[in-house]
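Protein chains in written order, with full-length UniProt numbering: chain A, 1 to 365; chain B, 1 to 365; chain C, 1 to 365; chain D, 1 to 365.
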């Protein structure tokens, strides 16, 4: 999570959301823009979506070109050990796939970077995961005879956040890369979510680079193949959400929920009465709001707003009074600990041929 | 925070909210019910409200009879050391006042109880505060010569939560009270908030007892003067809020915000055009929604709901899909640590004449 | 570890040590006193010693009558996951054996007590283990339909230490026992070691009761079958050692080490020269110290002291200058965490038929 | 504390010890070697020793040339808030003095480095202190208008240890220095002590550079003015000690203690009886050990060893059997937390003219 989270803009960190937003706003076609390929599959209870963005589509989607893989699973929120093991295995496989797409060889050296602030629990995902990464570079160097087949040199650092170090996080990472010359980088970061649904339930892998501690478009701070000359694989997990998003999501659910009831009543085959809804002992009927469409009837002017207009309005209301809190589920301590473990287990399996994703130590608290 | 928080009902833990809700629902009178006295004052940037509930008013307000003192301050959320010191001093004074109202003498022994789960940060307020309480009972017993004038015997326990111990929290507390026979009890608990506004910004003191880990009306579990024969002073701080509350609050802000703009435009002295609102490049006008009042025009049917109807509707929408998360601000680690410190400093000052509320050690991180 | 650790006397907490000390001091017989039975066995790399003390032998050994089982293993100090799993399994079996000896039935309810101070790492063993105990009492009570066959009602509490709560720890435990009426108690405590060797490498199980936070012979504070009417099984692990012990042990090793070299040289079949030892470029010979036995030659007067005299002398030297520190290995954080996990895994397996000792979640960090 | 601590050699990290050892081994002169200047003073209960080592004396003392300041105080071990405040103030002053000696100007930028492993409490001193350092570099850069007079740009990093990161710690630090170009460096490290006495009771400041994670004489890894071109001020605190040192110290105390008693009895003016000592009901007399000097009589051959011979012997005894533990006082959690706070308060005062050493937030737990 960057230092600038509180100033985050409408931009989403997830390619899957950027693509879905595009499709929504271009209703007539209901298609991905040209230059964007989308493929989906399920492995047991995990949904996997591959989004490939061509340079030609960068601007349309507001996302850098590259391969994006999204895993969706409720393993953490359900505190389900077996589901977490499966998620770690699948994560390891998908990470390995991304390494192959970037021509990373089994003996190439890796620097794993845990972004975030270890003193702020929802932002401590990266630092916590680092504690479980199997680090081997120093063994290859000092005691090569002790390293078995099936391992590669791996280092792991937690650069901290600028508010705590005073230093640009990208400077710390670049300084270490220049001194230690890894063949590729894996970076973990906690993200702000654009939907309640995704908190601790989505993992995005991508090879398009990272912008530690930066806002949008801060080219100078980008760490990517373009700027470093080596592949940079980013692993992002939404762990916080703001009050605007919670309200926006809820209003959408409200429209869907009421629309469903409304429709049924509106269906002449089911009922002859005009469409209406009941709240406790009161009934609001279509007839009370003549000439309005369903969304307007339910939510008035607000109901007739486009999605981004609604979000903007809510932000205008909450921000000046200091109520656009960035929040996290009450059970944050356990969720983050479990997710850090799943990430580390998946990364260890992808980096070391010898390690299996589900054999790692602890999948519950 | 009780184990049953997630099942919380419309009931509020704060007397000030219960009283305000009553006043709102009885608009015609705009008065507190008979049997309820309310007094307010400000000490610098801290608002203090005294609500005294007579047994005759218990039922009307859904709150037990007793003295309730509410302190409101942004000291924690602003991370302001000086404000936090002042808050601790005022808390100490108000706690001392409540002790006097209950005829508690300077040499009487106190058991301080830190309710909550130390592994769940927003629920760890009680356990964290216990670490800063000045505990002296054992010194009075084992080394009385080392205790200076101006101290009383104070013990402090953290009974845990039933989900972790397996034991009813009230059984643990009652067992210890029976063995150690304190003259009075002070209990700290984290609460679920009924408003975004109050999270980590309100402290309620009361002498009406506590119901650790229970839902409403579980008489058997009540720890109070009635059941224990000794005064029980409760200190409650809202630290979490649910998605229903966030949405409900935001919709209310929305109505107020849009209503304000609307009115101005509706004011014939200001404008001749019909009332309208502008979103980006679109304008929604009163004329599009003929025959609707302002709230309906803005928010349709939802706008015409009573407050408790609206809340109930949102709950109906979010709960089945598992989205009524209980959340806490992202900065929860720092906020809870600071609040625990303020509480402990205030309690230490109220319990030991020798101790001043602002001299305690750390008011920042 | 009790609040009084620093005042600990020559008394050892381990029956095996008391018995060995007795044998040593009664050299002529080299036997356990009558009323004490000792049996030993090994399970892979774990040494198990059973010491049964009859009431008739209580005084001779300075230990209460009862069954004592000692497990010795380097699993923690070697940070060896597989050894730790085996240790947890064996611990579970031996704990089950002790339950049988005390006629504890599979459906009887258990209160597990984690003694110690969670803020002092080497004393946090009990509290840390509690976090991994499978607690079920509340499920049997509130949702009996959710509890599978093979589980019993188990509760777990961490009463704290008197220096932090102000309350006698035994009062807290007795208060909770009276309220919750368990059928038996298991209590975990960190001990002061009488030997460097045993730190984090010995686990003692016994059914003779505990004395939380007390010194020797404080009958009033004893929690045992005698005082409570229900079986009390204690699990003790040495986690700290004092400077006196370290020095005393080292001087003994020194005598053994030098004695060995000495003897060889002293052996006429091996050498004709007088016994001597070499330090760097100097040689100290038997002839420099005429008329002294080997121990005296090596260590002078100190060498001729009895074991308890030597210990007392060292204590007299270190205590007045404040150097009899109670110390713990530098790696204490990891050791205590691992040991807590082994204890919890063994206890869970002994309490719940359904649970296996090695299936528990995490055996490494 | 370096990754290689366990392999530490006879070398001491403290200039004051190196100098004292030199003086001891050159008994005849009882003087510092030429090229070494020593000055002492006391400020209330704090002893301050200045050792200045000229390049000509480097080899004799086995310490790099430079200015070394040692503060000795029991503030931490006595858990005395007021003493800790005074220690922080004096530390700030002495650090400022060392900055002046190195021509560091009030507006020059500083990088503070907290060496050590935050997961191993006695090695977490550096990382813990970093959490209290007032970091300002990013404010000067992003919001210069918010920075008051009397502050300088300060950054703070915790590079971790090689066993955890896989990377040479010096590479991390050098990489960050090259990217951020500070004008000087302050580095905090926990040391292994050569004496029980000094644990958490000595702070050494020096301007001769650091060797993070290295053993002796690893020139390549040195971070100093020589290698970096900017001043490097090191702050070292002994926090652990090994069993060899504890035993060696104790044997020395034993000799002193017994020698004192012996002497008195040996003094013909006081007694006509031969020298003797009493242990319980036994008396060991000079006559039992004819022809031995006092040290031999007391401790035999071991008593006649030189200090470094004795240490070597003990090491030979303990190391093969795995008993040369590196240990730390049982109260390590509190001691390290307090010391980290004292260091941070002193550093903040030395770096920012506006900050006073004793005004910092928390001097007790």
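C-beta atoms are modelled at their ideal positions from N, C-alpha and C, and glycine is treated no differently.
It should be emphasised that the depicted structure is a prediction, and the values quoted were computed from it without experimental measurement.
What separation, rounded to the nearest whole angstrom, lies between the Cα atoms of residue 99 of chain D and residue 25 of chain D?
-> Mapped onto the fourth chain, residue 99 of chain D falls at position 99. Mapped onto the fourth chain, residue 25 of chain D falls at position 25. If I take the Cα positions, the gap works out to 33 Å.
Enumerate in chain order the residues of its own chain whose CB-to-CB distance from residue 344 of chain A is below 6 Å, with the five nearest sequence positions on each side excluded.
-> What you label residue 344 of chain A is simply residue 344 of the first chain in a count that begins at 1. Closer than 6 Å at the Cβ level, and outside the excluded window around residue 344 of chain A, lie 129, 132 and 133.
Helix, strand or coil: which one does DSSP assign to residue 329 of chain D?
-> As a working note, residue 329 of chain D is residue 329 in the fourth chain. If DSSP states are grouped into helix, strand and coil, residue 329 of chain D belongs with the strands.
Residue 68 of chain C versus residue 207 of chain C: straight-line alpha-carbon distance, rounded = Indexing the third chain from 1 puts residue 68 of chain C at position 68. Indexing the third chain from 1 puts residue 207 of chain C at position 207. Cα to Cα, the separation comes out at about 7 Å.
Best match in C:187, C:225, C:231 and C:240 for proximity to residue 383 of chain C [C-alpha to C-alpha] = One cannot answer for residue 383 of chain C here, as it falls past the ends of chain C, which runs 1 to 365.
With residue 170 of chain A as the anchor, note down where its alpha helix (DSSP H) starts and where it stops.
-> Here the question's residue 170 of chain A lines up with position 170 in the first chain. 169-180 is the extent of the alpha helix (DSSP H) around residue 170 of chain A.
What does DSSP give as the partner residues of residue 155 of chain D in its beta bridges?
-> The count along the fourth chain starts at 1 and reaches residue 155 of chain D at position 155. For residue 155 of chain D, which the question treats as bridged, DSSP gives the partners D:111.
Any C-beta of chain A sitting closer than 7 Å to the C-beta of residue 161 of chain B?
-> Position 161 of the second chain, counting from 1, holds the residue named residue 161 of chain B. No - not a single Cβ of chain A is within 7 Å of the one on residue 161 of chain B.
Give a yes or no on whether the minimum CB-CB distance between residue 171 of chain A and chain D is below 7 Å.
-> For the purposes of this step, residue 171 of chain A is taken as the residue at position 171 of the first chain. Residue 171 of chain A counts as touching chain D.
Residue 52 of chain B at chain C interface by Cβ criterion, 7 Å | Along the second chain, one-based indexing puts residue 52 of chain B at 52. With 7 Å as the cut-off, residue 52 of chain B does not count as an interface residue toward chain C.
Residue-chain proximity (residue 257 of chain A, chain G), Cβ-Cβ < 7 Å | Judged by its chain identifiers, the structure shown contains no chain G, and its protein chains are A, B, C and D.
Give me the Cα-Cα distance between residue 167 of chain C and residue 19 of chain B, rounded to the nearest whole angstrom.
-> As a position in the third chain, residue 167 of chain C is number 167, starting the count at 1. As a position in the second chain, residue 19 of chain B is number 19, starting the count at 1. If I take the Cα positions, the gap works out to 39 Å.
Comparing the C-beta of residue 178 of chain B with each C-beta of chain C, is any distance below 7 Å?
-> Working through the second chain from its first residue, we reach residue 178 of chain B at position 178. At least one CB of chain C lies nearer than 7 Å to the CB of residue 178 of chain B.
From which residue to which residue does the alpha helix (DSSP H) around residue 99 of chain C run?
-> Within the third chain, numbered from 1, the residue matching residue 99 of chain C stands at position 99. Segment 81-101, the alpha helix (DSSP H) holding residue 99 of chain C.
DSSP on residue 272 of chain B, reduced to helix/strand/coil?
-> For the purposes of this step, residue 272 of chain B is taken as the residue at position 272 of the second chain. Note that residue 272 of chain B has pLDDT 42, beneath the 50 cutoff, so the model's placement of it is unreliable and no number is given.
Any idea if residue 348 of chain D is buried or exposed, counting beta-carbon neighbours within 10 angstroms, 16 or more meaning buried?
-> One-based indexing of the fourth chain puts residue 348 of chain D at position 348. By the neighbour-count rule (16 or more Cβ atoms within 10 Å), residue 348 of chain D is buried.
Short CB-CB distance (under 7 Å) between residue 336 of chain C and chain D = To locate residue 336 of chain C, count along the third chain from 1; it is residue 336. No, residue 336 of chain C lies away from the interface with chain D (no Cβ there is under 7 Å from its Cβ).
Checking contacts by CB at 7 Å: is residue 327 of chain B closer than that to chain A?
-> Taking the second chain and counting its residues from 1, one reaches residue 327 of chain B at position 327. Answer yes: the Cβ-Cβ gap between residue 327 of chain B and chain A drops below 7 Å somewhere.
How many whole angstroms separate the CB atoms of residue 126 of chain C and residue 189 of chain C, which I take to be in contact at a CB cut-off of 8 Å?
-> Here residue 126 of chain C refers to the residue found at position 126 when the third chain is read from its first residue. Here residue 189 of chain C refers to the residue found at position 189 when the third chain is read from its first residue. That pair is a contact at about 6 Å.
Just checking, does the segment 159-176 of chain B make contact with the segment 147-156 of chain C on the three C-beta pairs under 8 Å criterion?
-> The segment 159-176 of chain B is in contact with the segment 147-156 of chain C.
What's the C-alpha gap between residue 235 of chain A and residue 186 of chain A?
-> As a working mapping, residue 235 of chain A is identified with position 235 in the first chain. As a working mapping, residue 186 of chain A is identified with position 186 in the first chain. Rounded to the nearest angstrom, the two C-alpha atoms are 7 Å apart.
Specify whether the segment 319-335 of chain B and the segment 327-343 of chain A touch according to this definition: at least 3 beta carbon pairs, one from each stretch, less than 8 Å apart.
-> Verdict: yes, contact present.
DSSP state of residue 14 of chain B mapped onto helix, strand, coil | Working through the second chain from its first residue, we reach residue 14 of chain B at position 14. Note: residue 14 of chain B maps to coil in three-state DSSP.
To the nearest angstrom, report how far apart residue 242 of chain A and residue 15 of chain A are at their CA atoms.
-> Taking the first chain and counting its residues from 1, one reaches residue 242 of chain A at position 242. Taking the first chain and counting its residues from 1, one reaches residue 15 of chain A at position 15. Their backbone Cα atoms lie some 19 Å apart in a straight line.
Taking only beta-carbon positions, decide if residue 5 of chain C is within less than 7 Å of chain B.
-> Taking the third chain and counting its residues from 1, one reaches residue 5 of chain C at position 5. Only weak support exists for where residue 5 of chain C lies, its pLDDT of 35 falling under 50; the value from the coordinates is given anyway. Answer no: the Cβ-Cβ gap between residue 5 of chain C and chain B never drops below 7 Å.
With C-beta atoms as the reference, is residue 49 of chain A less than 7 Å away from residue 40 of chain A?
-> Your numbering for residue 49 of chain A matches position 49 in the first chain. Your numbering for residue 40 of chain A matches position 40 in the first chain. The answer is yes: Cβ separation under 7 Å.
Consult DSSP for residue 61 of chain B and reduce its assignment to one of helix, strand or coil.
-> For this step, residue 61 of chain B is matched to residue 61 along the second chain. Reduced to three states, the DSSP call for residue 61 of chain B is helix.
Quick one: which chain D residues come within Cβ less than 9 Å of residue 188 of chain C?
-> As a first step, residue 188 of chain C must be located in the third chain, where it is residue number 188. Residues of chain D passing the Cβ test: none, with the nearest at roughly 18 Å.
8 Å Cβ cut-off: residues of chain D touching residue 253 of chain C | For the purposes of this step, residue 253 of chain C is taken as the residue at position 253 of the third chain. The answer, in chain order, is 317, 318, 321 and 323.
What residues in the segment 293-306 of chain A have a beta carbon less than 9 Å from any beta carbon of chain B?
-> 295, 296, 297, 298, 299, 300, 301, 302, 303, 304, 305 and 306
Compute the distance between the beta-carbons of residue 116 of chain B and residue 107 of chain B, then report whether it is under 7 Å.
-> Translated into positions along the second chain, residue 116 of chain B becomes position 116. Translated into positions along the second chain, residue 107 of chain B becomes position 107. For residue 116 of chain B and residue 107 of chain B, no; Cβs fall outside 7 Å.
Quick one: Cα of residue 303 of chain B to Cα of residue 351 of chain A, how far?
-> Taking the first residue of the second chain as position 1, residue 303 of chain B is located at position 303. Taking the first residue of the first chain as position 1, residue 351 of chain A is located at position 351. Those two C-alpha atoms are separated by around 55 Å.
Residue 197 of chain B versus B:223, B:231, B:161 and B:237, residue with shortest Cα-Cα distance | Numbered from its first residue, the second chain carries residue 197 of chain B at position 197. Minimum Cα distance to residue 197 of chain B is reached at B:237.
Could you name the residues of chain A that residue 156 of chain D contacts, counting a contact when the two beta carbons are closer than 9 Å?
-> Here residue 156 of chain D refers to the residue found at position 156 when the fourth chain is read from its first residue. Listed by position along chain A, the residues whose Cβ is nearer than 9 Å to that of residue 156 of chain D are 160, 164, 165, 166 and 167.
Is residue 355 of chain C close to chain B, meaning its C-beta is less than 7 Å from at least one C-beta of that chain?
-> Taking the third chain and counting its residues from 1, the one referred to as residue 355 of chain C is at position 355. No, residue 355 of chain C does not count as interfacial toward chain B.
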